[in-house]
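A.B. asks: According to full-length UniProt numbering, the residues represented by the sequence shown are 1 to 260, in order. Virtual Cβ for every residue (Gly too), placed ideally from N, Cα, C.
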Amino acid sequence: MVQSALLCENISADQFGLLLNKYEGLLESTSSAKPTKPGQKTLAELDEFRYETAVKLFRSEKPQHAMQHDDVKSLVEWKLRHGKFRPTLMKLVTSNDEDVVAETIAGAMSAYWKAPDASKALDGIARLKGIGPATASLLLSVHDPDRVIFFSDEAYYWLCHDAKPCPLKYNAKEYRDLDSSAQKLVERLGVNATDIERVAFVVMRKNHDDAISPRPESPPPVSQRRRTTASGERGQKRKFQGGSKDITPPRLRRSQRGKT
């Protein structure tokens with residue numbers, strides 16, 4: 001279980017900052033554990049595109065350039081590698097016409113900046129094949145990272161379900177609940193939505209008891225260490241009962257709609 005102090009309604013600004021600082025190291029270890037095919041970008045490289053390059057390119061009402069089909073595919077690849085892999089999703093996203101992708105996103109963003117409403121913007125972007133509320137929120141979040149949170153499993157579990165995994169439908173109602181919870185944390189701690197997403201990833205993926213600089217443990221007394229018996233066999237090692245367990249979200253069935 002997640003420590004009570006690390007639940008979203010209890011977490012302090014200092015704890016939030018410590019957890020945020022652990023994201024990069026956790027991502028690097030996750031990336032190293034996921035082999036890549038020749039010519040394929042690593043998760044760490046995709047993560048840099050998602051959180052740095054894409055934000056620089058698309059952030060604000062007047063971005064450096066409009067989002068194109070290749071940009072969408074890169075973000076979707078990050079989503080699939082960063083979270084649950086869905087084998088049909090990229091094929092559906094790739095099947096969209098390039099001009100339609102650019103026009104659809106440009107139209108949704110134009111309406112969003114006139115009247116910032118994440119739910120309406122998601123509806124506009126989700127007209128594309130393979131793009132549901134979760135993926136649409138990812139595309140929207142790089143345009144407005146301060147206010148728009150990406151609908152990741154970890155973010156929903158932490159903000160809306162007491163940091164406990166649960167089945168998700170990836171629908172508009174769930175995103176509204178996520179957005180509402182995220183905005184409360186934004187206002188309480190003065191943080192941005194994208195950082196909340198990364199902290200949620202750390203909380204749900206990392207050993208929670210070790211998340212905030214624990215004291216180093218002293219070695220056990222000699223009398224408690226394993227000893228070798230006269231016959232050369234080692235004494236039975238006691239099963240450790242303390243500590244915490246990593247929380248890994250259960251594998252969920254794929255949406256029959258083929259879009260998230």
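Per the contact definition of three or more C-beta pairs closer than 8 Å, is the stretch 157–176 in contact with the stretch 5–22?
C.D. replies: Yes, they touch.
A.B. asks: May I ask you to verify whether the stretch 101–108 touches the stretch 120–130, counting CB pairs closer than 8 Å and requiring at least 3?
C.D. replies: Yes: at least three Cβ pairs fall under 8 Å.
A.B. asks: So what's Glu103 in DSSP terms, helix, strand or just coil?
C.D. replies: As a first step, residue 103 is located in the sequence shown; it is residue number 103 there, counting from the start. The answer is helix: DSSP assigns Glu103 an H, G or I state.
A.B. asks: Alpha carbon to alpha carbon, what distance is there between Pro145 and Met67?
C.D. replies: Translated into positions along the sequence shown, residue 67 becomes position 67. Translated into positions along the sequence shown, residue 145 becomes position 145. The straight-line gap from Cα to Cα measures roughly 15 Å.
A.B. asks: Distance, Cα to Cα, Phe150 vs Leu178?
C.D. replies: For the purposes of this step, residue 150 is taken as the residue at position 150 of the sequence shown. For the purposes of this step, residue 178 is taken as the residue at position 178 of the sequence shown. Distance between the alpha carbons of Phe150 and Leu178 is about 9 Å.
A.B. asks: Do Val148 and Phe16 have their C-beta atoms closer together than 8 Å?
C.D. replies: The count along the sequence shown starts at 1 and reaches residue 148 at position 148. The count along the sequence shown starts at 1 and reaches residue 16 at position 16. It is not a contact, given that the beta carbons lie outside the stated cut-off.
A.B. asks: Evaluate contact between the stretch 43–61 and the stretch 77–90, counting only Cβ atoms and requiring at least three cross-stretch pairs below 8 Å.
C.D. replies: Verdict: yes, contact present.
A.B. asks: Let me know if Ala54 comes out buried or exposed under the rule of 16 or more other beta-carbons within 10 Å of its beta-carbon.
C.D. replies: In the sequence shown, residue 54 corresponds to position 54, counting from 1. Classification for Ala54: buried.
A.B. asks: For Gly130, which option in Pro87, Leu92, Thr194 and Lys34 has the closest C-alpha, if you only look at C-alpha atoms?
C.D. replies: Position 130 of the sequence shown, counted from the start, is the residue given in the question as residue 130. The option with the nearest alpha carbon to Gly130 is Leu92.
A.B. asks: Would you kindly report the start and end of the unbroken alpha helix (DSSP H) that includes Asp123?
C.D. replies: Against the sequence shown, residue 123 aligns to sequence position 123. Its alpha helix (DSSP H) spans residues Ala118 to Ile125.
A.B. asks: Skipping 5 residues on each side, what residues in its chain have a beta carbon closer than 6 Å to that of Val222?
C.D. replies: Locating residue 222 in the sequence shown gives position 222, where the first residue counts as 1. Note that Val222 scores 46 on pLDDT, short of 50, meaning its location in the model is unreliable; the coordinates nonetheless yield the value given after this. Closer than 6 Å at the Cβ level, and outside the excluded window around Val222, lies no residue.
A.B. asks: Which of the three DSSP states is assigned to Val203 in this structure?
C.D. replies: Stepping through the sequence shown from its first residue, residue 203 is reached at position 203. If DSSP states are grouped into helix, strand and coil, Val203 belongs with the helices.
A.B. asks: Taking Ala115 as the reference, give the member of Tyr170, Ala182, Glu61 and Pro165 with the closest Cα.
C.D. replies: As a working note, residue 115 is residue 115 in the sequence shown. It is Glu61 whose Cα lies nearest to the Cα of Ala115.
A.B. asks: Beta-carbon separation of Ser29 and Thr42 under 8 Å?
C.D. replies: Walking along the sequence shown from the start, residue 29 turns up at place 29. Walking along the sequence shown from the start, residue 42 turns up at place 42. No. Outside cutoff.
A.B. asks: To the nearest angstrom, how far is it from the Cα of Leu20 to the Cα of Pro165?
C.D. replies: Locating residue 20 in the sequence shown gives position 20, counting from the first residue. Locating residue 165 in the sequence shown gives position 165, counting from the first residue. So the two alpha carbons sit approximately 21 Å from each other.
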